[in-house]
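Colleague:
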Amino acid sequence: MAKNMLRYKLMREENEEYLDAANNNDLVEVADALGDMLYILCGTIIEHGLQHKIEEVFDEIQRSNMSKLGANGQPIYREDGKVLKGPNYFKPNIEAILEK
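For reference, each letter of the sequence shown is one residue, going 1 to 100 in our numbering.
#1: Taking the straight line between their C-alpha atoms, what separation do you get for Ile45 and Gln51?
#2: Looking only at C-alpha atoms, which of Lys53, Val57 and Leu19 sits nearest to Met101?
#3: Start and end of the alpha helix (DSSP H) containing Leu38?
#4: Going straight from the alpha carbon of Glu16 to that of Lys9, what length do you get?
#5: If we ignore side chains and look at the alpha-carbon of each, how far apart do Arg12 and Gly35 end up?
#6: Look at the alpha carbon of Gly70 and the alpha carbon of Val83, and state the distance between them as a whole number of angstroms.
#7: With burial defined as no fewer than 16 other Cβ atoms inside 10 Å of the residue's Cβ, what is the status of Cys55: buried or exposed?
Shown next, in the form of C-alpha cells:
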C-alpha cells in the first residue's frame, strides 16, 4: 500500500508541475513534466505486472472512446469540453483482456 501511495504522490506532483508549466507557456517544462509522468506511469504499469497487457488495454479503451461519437461521427461535448457518451458507446472490456 505504501508503494501505491508513493506512485500516486509522484503522479500528482508531476501533474501539478505540468499545469504550472502549461499555464506559463513553458514548453520545456511541459515536456519535462510529461516525460516524468510517462516514466512514472511505465514504472507503475510494471509494478502491477501489466507490461504484457497494457497495449491491448489501451487499444480497448481507444475503441470505447471512439464509440462515444454521436450519430454524425462527431464528438458530443459537455460545457467544460469533456466528450460525452454517444448513442453507440460501449464500456471497455478490460476484464476479458486481463483474463487471457
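Here a beta-carbon is modelled for each residue, glycine too, at the ideal position from N, C-alpha and C.
Modeller: According to the data block:
#1: Approximately 6 Å, taken between the alpha carbons.
#2: This structure cannot settle anything about residue 101, because the visible part of the chain is limited to 1 through 100.
#3: Element bounds for Leu38: Leu27 to Glu47.
#4: Computed Cα separation, rounded: 11 Å.
#5: Their backbone Cα atoms lie some 14 Å apart in a straight line.
#6: 10 Å
#7: With the sequence shown as reference, residue 55 is identified as Glu, and Cys is not the correct amino acid for it. Glu55 is exposed by the Cβ-count criterion.
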